[in-house]
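Remarks on the structure that follows.
Residue numbers (UniProt numbering), protein chains in the order written: chain A, 1 to 221; chain B, 1 to 221.
See the structure below:
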């Protein structure tokens, strides 16, 4: 059951954090979901290896970082998670093993309804074997590296986002906003998604095949 | 002096947080600045009334919230802040008095080089008297309320963002990304801004007068 206005329990979404996650990969979709939450009750768990806040920086001494409070761990996650969102970022090059284990375990659980990734987050889904035999996309600048992480995946180079069953993967960073709106359109209705896009004054690319960055980075290779 | 590749000290930017800030107002510009920070050293201070983490939710019991770690207070901010960014969000309707006092005190300090706001953050700048006699813009859905907060401001209804001297104000939420890129273009060069926009796969609206949401919400009034 997707998010519902009348469900007895809020719809539980988990976001997987790790040091060096890309800020907008997380906060684009979550800003959209914050607004959905006005009318469709949601619950959010930020997961990490420990309950310590997680930084966007790989350098622990960086004077320019953002740190998020987390409320669940990969080894002991809360129950009832219906959707998992995995962001990308520099930290995907050396992800915590606990995160990949969690994805392998919970990403394939029958109770899970949706698996979503933004940017190079799809490399982590691929490492966990969750994209084998599926269509998926990723960041276009890092596309060759991401492909190398999932040789059994049917990688789609030109796509703002790709849906294969219950698995949603987006292109780089800001594409996560368009995918999140697409997911809301699919689960709650296009009018709901359009209203949210207008509220955040976002020019929603609702065509999942729109992708000027596929050519841009193919040329630069 | 704007951000520089060779400055001895990182360029110090403060972001003003308060309960009920809009997530993307903060994280759109900061994602862009995280990338600028690879080549132009930056320093970030998240300011709040206390050093407790700050939530995006007005309801303290909401099961769907994001909480940010802060590292400075309005009553005792660190020195050397060169630019202040003020986000909008539901919390602007009842902002902490310490935040308005801080803006009144530091927003007009000669050492401050840039004052930036996203969305209804400009209502807080207006309340602090920092926009009097200046051109500014804001969220288009909340425009009439924002105008009421600054009767001496020259409000510009149709604008993705507005620059008046060293003061930059953007339209709602996602417009903050376009404004941040515009600010980087102005201070560090258009090539730097274009490269960042491409890296986050963002279709940058580089024309500050682009604003389909001005008409949309004018019609809905």
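Positions of the beta carbon are idealized from the N, C-alpha and C atoms, including for glycine.
Model, not experiment: these values are computed from the prediction.
The Cβ-Cβ distance between residue 103 of chain B and residue 72 of chain B does not fall below 8 Å.
Annotated as proximal: residue 162 of chain A and residue 136 of chain A, with beta-carbon spacing under 8 Å. Taken in chain order, the segment 55-99 of chain A contains no complete alpha helix (DSSP H) segment of 4 residues or longer.
One alpha carbon belongs to residue 208 of chain B, the other to residue 202 of chain B, and they sit about 16 Å apart. Per the Cβ contact rule, the segment 186-199 of chain A is not in contact with the segment 118-133 of chain A (fewer than 3 Cβ pairs under 8 Å).
When the Cα atoms are used, residue 126 of chain B and residue 147 of chain B turn out to be separated by approximately 9 Å. For residue 181 of chain B, there is no enclosing beta strand (DSSP E); the residue is part of the alpha helix (DSSP H) that begins and ends at 175-188. Apart from the 5 residues on each side of it in sequence, residue 81 of chain A sits with its Cβ closer than 6 Å to the Cβ of 12, 14 in its chain, given in chain order. Unbroken alpha helix (DSSP H) runs of no fewer than 4 residues, entirely contained in the segment 104-187 of chain B, are found at 121-127, 143-148, following chain order. Of all residues in the segment 42-53 of chain B, only 42, 43, 44, 46, 53 come within less than 8 Å of chain A when Cβ atoms are compared, listed by chain position. Within chain B, the residues whose beta carbon sits less than 7 Å from that of residue 27 of chain A are 23, 24, 27, listed in sequence order. Against chain B, the CB of residue 10 of chain A has a partner CB under 8 Å away; the residue lies at that interface. With distances taken between CA atoms, residue 24 of chain A lies nearest to B:199 out of B:149, B:170, B:199, B:9. 172, 173, 174, 175, 177: these are the residues of the segment 172-187 of chain B whose beta carbon lies less than 8 Å from some beta carbon of chain A, given in chain order. Assignment of residue 102 of chain B by DSSP, reduced to helix, strand and coil, places it in the helix class. For the set A:38, A:57, A:63, the Cα lying nearest the Cα of residue 44 of chain B is the one of A:63. Where residue 35 of chain A is concerned, the enclosing alpha helix (DSSP H) starts and stops at 23-36. Taking 8 Å as the CB threshold, residue 30 of chain A lines the interface with chain B. Residue environment: residue 111 of chain B is assigned as exposed (fewer than 16 neighbouring CB atoms within 10 Å of its CB, all protein chains considered).
Interface with chain A (8 Å Cβ-Cβ cutoff): residue 105 of chain B is excluded.
Across the structure, residue 165 of chain B and residue 66 of chain A are spaced so that their CA atoms are roughly 29 Å apart. Per DSSP, residue 200 of chain A is not a residue of any beta strand (DSSP E), being assigned neither H nor E. From the beta-carbon of residue 34 of chain B, the residues of chain A found nearer than 9 Å are 22, 23, 24, 56, 57, 64, 65, 66. For residue 93 of chain B, the closest C-alpha among the options B:18, B:178, B:70 is that of B:18.
Annotated three-state conformation of residue 14 of chain A is strand, per DSSP. Annotated three-state conformation of residue 216 of chain A is helix, per DSSP.
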